[in-house]
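Written below as structure tokens is the structure these notes are about.
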Amino acid sequence: MNTEASNTTDQPKSDQIQPKASTVKMPFQKYKPFEPVRLKNRTWPDQVIDEAPRWCSVDLRDGNQALVDPMTPDEKMEMYRLLVEIGFKEIEVGFPAASQPDFDFVRQIIEEGLIPDDVTIQVLCQARQELIERTCEAVTGAKQVIFHLYNSTSTLQRRVVFNMGREEVIKLATDGAELVKKHADTLKVAGTHVTLEYSPESYTATELDFAVDICAAVMEVWQPTSDDKMILNLPSTVEMATPNIYADQLEWFIRNLPGRDKAVISLHTHNDRGTGVAASELGLMAGAERIEGTLFGNGERTGNCDVINMAMNLFSQGVDPKLYLADMRRIVEVSEACTKIPIHVRTPYAGELVFTAFSGSHQDAIRKGMTVVDTGGDSQWEVPYLPIDPSDVGGSYRETVRVNSQSGKGGVAFILEHYFGVALPRELLVEFSPIVQQLTEQKEGELKPDEIWKAFVSEFIEVEGPYALIDYDLTSKDGLQTIAARITVAENQLTVTGSGSGPIDAFIAAMVETLNEPLNVVDYQEYALNEGNEAQAICILALMDDQERKHYGVGISQSTVTAAFRSIIASINRKWR
Ligand code: KIV
Ligand code: ZN
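Converting from the sequence shown to this note's numbering requires adding 53 to each position, the first position being numbered 1.
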């Protein structure tokens with residue numbers, strides 16, 4: 054048997070790729086599938102989200118709680134200011150009974166009058182007497198407060214953490230609600246309006262009938278009205294199933310909750326399966342009205358619902374997100390500074406690369422789509438590969454195209470046009486783009502606009518070759534232009550002379566005489582590069598030699614005539630090269 058053949062068939066070479074999945078299995082049997090909700094005639098799949106929910110930021114509590122280094126008081130203040138600026142009307146500002154810095158922060162914003170009248174602060178608290186008392190102390194003096202009471206209701210936690218039956222867990226919640234009610238009455242006398250928010254924590258892991266029972270029992274204590282509702286927050290504390298199951302759980306809950314019109318249904322999703330935003334969106338379709346989440350989804354483990362993502366999803370569907378996200382760079386900056394967690398370059402709507410195309414075909418489609426937008430062809434935004442206009446979040450069209458080895462002519466043309474104001478004729482572009490391609494391959498990475506420009510200059514403008522223009526005199530008589538130009542040829546200086554109907558004709562005539570061969574201008578365009586005193590002209594010109602080969606050359610100068618002469622010299626040098 055031939056050894057080569059046995060290597061490729063019977064005995065794999067040691068460097069061959071081994072498909073492990075066909076021989077070794079992951080221990081998937083360890084896990085059980087999530088039990089779907091047996092819901093008949095579900096209505097949520099037909100719903101369309103056509104208005105923004107009530108947003109509540111939990112950056113300063115859930116987000117902060119998940120940080121390696123929790124925010125310093127200054128960072129908290131910076132984050133708080135940003136959240137108010139963006140337009141959150143409900144902000145969970147901390148867990149004051151559990152943390153002294155949170156307590157101090159709540160006191161500071163109340164005492165320094167930093168809570169706008171239309172903003173309600175929210176404070177988290179467990180259903181325990183001493184914690185409830187301390188929390189009420191923290192919020193004294195605020196105009197309005199959402200008191201967020203929670204206890205875990207999940208089957209698993211009742212069994213392994215609390216060792217409590219359903220009735221005991223309900224009692225824990227209702228006792229807590231009673232206490233908050235008592236304190237709220239005192240706070241009310243001092244001018245603070247208290248809204249109760251109750252979270253059956255780990256709702257997604259709680260039997261649905263029990264979740265309804267415990268929420269109904271808390272409502273019974275609080276006695277909300279349709280004019281003064283309480284908030285029922287149904288958290289996906291750990292995301293356990295596909296978002297459609299969460300939506301089913303919510304539709305079931307809403308259908309079965311007594312006094313549904315006296316409660317605002319709020320969602321608080323986490324992102325363990327990577328579908329926290331999707332779950333919140335389907336949850337809204339299922340009838341929820343309020344969303345808790347954080348900027349860029351910072352939060353426990355894989356994070357919370359990313360409010361920026363969700364709000365921008367609404368925006369991109371023509372729905373007012375009711376949050377002001379136009380200065381996305383600042384939002385990213387503040388968020389990164391406070392959390393010390395960098396935003397991924399592909400974070401929806403905010404990452405550095407989310408509006409960038411490297412692929413040639415994408416670049417081409419974007420360019421064509423943008424041309425339709427620029428000429429006012431479509432009244433609404435429709436550009437291939439760009440779900441929104443980057444300028445709506447402080448970006449620019451320029452960022453949409455970057456050049457690496459996957460890019461093509463379109464990308465190169467785009468960069469020259471949008472960064473340097475140079476529109477190349479197609480033939481020149483066809484000649485130049487393989488040069489860029491080669492450079493990207495050598496570099497094994499992206500070529501920045503300056504590097505593309507440098508390559509363009511050395512290929513078409515400052516072309517190495519025997520000829521250089523030193524200076525020239527042009528005279529005009531009887532409609533005839535005559536030139537005397539000093540040039541260098543290799544090491545030698547000489548003066549060439551010629552006449553023609555214009556400066557270009559005259560200079561070509563002088564060079565034809567010197568070179569002793571025909572030169573025909575077959576392509577010529579000249580235009581201003583930029584405006585103002587520093588205005589420069591660019592001349593792009595092609596000469597045809599006696600063997601019918603075209604040679605492009607480019608010249609730039611403040612004088613249009615000098616730009617043209619330089620382009621002629623560049624083109625002759627390229628011919629000689
Ligand atoms: O994730 C969660 O369940 C929470 C609750 C306290 C609402 O953060
Ligand atoms: Zn949470």
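We treat Cβ as the ideally placed atom computed from N, Cα and C, and that holds for glycine.
- Are three or more beta carbon pairs between the segment 358-378 and the segment 107-121 nearer than 8 Å? yes
- Where the beta strand (DSSP E) containing residue 524 begins and where it ends: Mapped onto the sequence shown, residue 524 falls at position 471. Start and end: 520-530.
- Along the beta strand (DSSP E) that carries residue 200, what are the first and last residues, could you check? For the purposes of this step, residue 200 is taken as residue 147 along the sequence shown, with counting starting at 1. That run of the beta strand (DSSP E) goes 197-205.
- Query: Could you give the residue range of the alpha helix (DSSP H) that holds residue 415?
  - Reply: If you number the sequence shown from 1, residue 415 lands on position 362. Where residue 415 is concerned, the enclosing alpha helix (DSSP H) stretches over 413-427.
- Message: Relative to the C-alpha of residue 247, which candidate in 116, 258, 197, 189 has its C-alpha closest?
- Response: Within the sequence shown, the letter at position 194 stands for residue 247. With distances taken between Cα atoms, residue 247 lies closest to 197.
- Rounded C-alpha distance that separates residue 624 from residue 607: Residue mapping note: residue 624 aligns to position 571 of the sequence shown, counting from 1. Residue mapping note: residue 607 aligns to position 554 of the sequence shown, counting from 1. Answer to the nearest angstrom: the Cα atoms are 7 Å apart.
- Task: With a threshold of 7 Å, establish whether the CB of residue 352 neighbours any heavy atom of the ligand ZN.
- Result: Numbered from 1 along the sequence shown, position 299 holds the residue referred to as residue 352. Residue 352: yes, Cβ under 7 Å from the ligand ZN.
- Message: Tell me the DSSP secondary structure of residue 449 in three-state form.
- Response: Against the sequence shown, residue 449 aligns to sequence position 396. Coil.
- Query: Where do the ends of the alpha helix (DSSP H) carrying residue 436 lie?
  - Reply: The residue given as residue 436 occupies position 383 in the sequence shown. Looking at the DSSP string, residue 436 is not in any alpha helix (DSSP H), and its letter there is neither H nor E.
- Query: Beta carbon of residue 321: closer than 7 Å to some heavy atom of the ligand ZN?
  - Reply: In the sequence shown, residue 321 corresponds to position 268, counting from 1. Because some heavy atom of the ligand ZN lies under 7 Å away, the Cβ of residue 321 counts as near it: yes.
- Quick one: grab the DSSP three-state call for residue 99. Position 46 of the sequence shown, counted from the first residue, corresponds to residue 99. DSSP places residue 99 in helix when its eight states are reduced to three.
- Between residue 286 and residue 321, which are expected to be in contact by the criterion C-beta below 8 Å, what is the C-beta distance as a whole number of angstroms? Taking the first residue of the sequence shown as position 1, residue 286 is located at position 233. Taking the first residue of the sequence shown as position 1, residue 321 is located at position 268. About 5 Å separates the two Cβ atoms, so the contact holds.
- Item | Span separating the alpha-carbon of residue 144 from that of residue 201 | Residue 144 sits at position 91 when you count from the first residue of the sequence shown. Residue 201 sits at position 148 when you count from the first residue of the sequence shown. If I take the Cα positions, the gap works out to 11 Å.
- Task: Using the Cα positions of residue 83 and residue 383, report the straight-line distance between them to the nearest angstrom.
- Result: Position 30 of the sequence shown, counted from the start, is the residue given in the question as residue 83. Position 330 of the sequence shown, counted from the start, is the residue given in the question as residue 383. Near 45 Å, if we compare the C-alpha coordinates of residue 383 and residue 83.
- Message: Quick check on the DSSP output: the alpha helix (DSSP H) that includes residue 659 runs from which residue to which?
- Response: Residue 659 lies beyond the residue range present for the chain, which begins at 54 and ends at 630; the question has no answer from this structure.
- Taking residue 453 and residue 485 to be in contact with their CB atoms under 8 Å, please state how far apart those CB atoms are, rounded to whole angstroms. As a working note, residue 453 is residue 400 in the sequence shown. As a working note, residue 485 is residue 432 in the sequence shown. Not confirmed; about 21 Å, so no contact.
- Task: Take residue 476 and list the residues in its own chain whose beta-carbon comes closer than 7 Å to its own, dropping the five residues that flank it on each side.
- Result: Mapped onto the sequence shown, residue 476 falls at position 423. Cβ neighbours of residue 476 beyond the five flanking positions: 470.
- Query: What is the rounded straight-line gap between the Cα of residue 114 and the Cα of residue 587?
  - Reply: Counting from one through the sequence shown, the residue named residue 114 turns up at place 61. Counting from one through the sequence shown, the residue named residue 587 turns up at place 534. For residue 114 and residue 587, the distance between alpha carbons rounds to 54 Å.
- Round the Cβ separation of residue 591 and residue 579 to the nearest angstrom and send it over; I've been treating them as touching at under 8 Å. Working through the sequence shown from its first residue, we reach residue 591 at position 538. Working through the sequence shown from its first residue, we reach residue 579 at position 526. Right, their Cβ atoms sit about 7 Å apart.
- Task: Give me the Cα-Cα distance between residue 213 and residue 70, rounded to the nearest whole angstrom.
- Result: Position 160 of the sequence shown, counted from the first residue, corresponds to residue 213. Position 17 of the sequence shown, counted from the first residue, corresponds to residue 70. Using only the alpha carbons, I get a separation of about 45 Å.
- Item | Span of the beta strand (DSSP E) around residue 322 | Translated into positions along the sequence shown, residue 322 becomes position 269. Residues 316-322.
- Item | Residues near residue 191 in its chain [Cβ-Cβ closer than 6 Å; skip 5 each side] | For the purposes of this step, residue 191 is taken as the residue at position 138 of the sequence shown. Here the set comprises 149, 156, 159.
- Query: In the DSSP assignment, what are the bridge partners of residue 603?
  - Reply: Here residue 603 corresponds to residue number 550 of the sequence shown, with the count starting at 1. Answer is 597.
- Alpha carbon to alpha carbon, what distance is there between residue 537 and residue 615? Taking the sequence shown and counting its residues from 1, the one referred to as residue 615 is at position 562. Taking the sequence shown and counting its residues from 1, the one referred to as residue 537 is at position 484. If I take the Cα positions, the gap works out to 13 Å.
- Rounded C-alpha distance that separates residue 549 from residue 467: The sequence position of residue 549 within the sequence shown is 496, counting from 1. The sequence position of residue 467 within the sequence shown is 414, counting from 1. Computed Cα separation, rounded: 39 Å.
- Item | Neighbour-count burial assignment, residue 397, 16 or more Cβ in a 10 Å radius | If you number the sequence shown from 1, residue 397 lands on position 344. Exposed: under 16 other Cβ atoms inside 10 Å.
- Query: Got a sec? Which residues, its chain only, sit under 7 Å from residue 259 by beta carbon, not counting five neighbours each side?
  - Reply: Counting from 1 along the sequence shown, the entry for residue 259 is found at position 206. Answer for residue 259: 206, 207, 208, 253, listed in chain order.
- At least three beta-carbon pairs within less than 8 Å, the segment 455-464 to the segment 413-428: yes
- Query: In angstroms, rounded to a whole number, what distance separates the CA positions of residue 626 and residue 73?
  - Reply: Here residue 626 refers to the residue found at position 573 when the sequence shown is read from its first residue. Here residue 73 refers to the residue found at position 20 when the sequence shown is read from its first residue. Rounded to the nearest angstrom, the two C-alpha atoms are 59 Å apart.
- Task: Would you tell me roughly how many angstroms separate the C-alpha atoms of residue 449 and residue 443, rounded to the nearest one?
- Result: To locate residue 449, count along the sequence shown from 1; it is residue 396. To locate residue 443, count along the sequence shown from 1; it is residue 390. Those two C-alpha atoms are separated by around 6 Å.
- Quick one: what's got a C-beta closer than 7 Å to residue 363's C-beta in the same chain, skipping five residues either side? Taking the sequence shown and counting its residues from 1, one reaches residue 363 at position 310. Closer than 7 Å at Cβ, skipping near neighbours: 330, 333, 334, 344, 346.
- Run through DSSP, which three-state label would residue 161 get? Taking the sequence shown and counting its residues from 1, one reaches residue 161 at position 108. DSSP places residue 161 in helix when its eight states are reduced to three.
- May I ask which residues mark the beginning and end of the beta strand (DSSP E) holding residue 545? Numbered from 1 along the sequence shown, position 492 holds the residue referred to as residue 545. Residue 545 -> beta strand (DSSP E) spans 545-553.
- What is the residue span of the alpha helix (DSSP H) that residue 345 lies within? Counted from its first residue, the sequence shown places residue 345 at position 292. Note, residue 345: premise wrong, no alpha helix (DSSP H); beta strand (DSSP E) at 343-346.
- Message: According to DSSP, is residue 189 part of a helix, a strand, or is it coil?
- Response: For the purposes of this step, residue 189 is taken as the residue at position 136 of the sequence shown. DSSP places residue 189 in helix when its eight states are reduced to three.
- Message: Just to confirm before moving on: does the CB-CB distance between residue 291 and residue 379 stay below 8 Å?
- Response: Indexing the sequence shown from 1 puts residue 291 at position 238. Indexing the sequence shown from 1 puts residue 379 at position 326. For residue 291 and residue 379, no; Cβs fall outside 8 Å.
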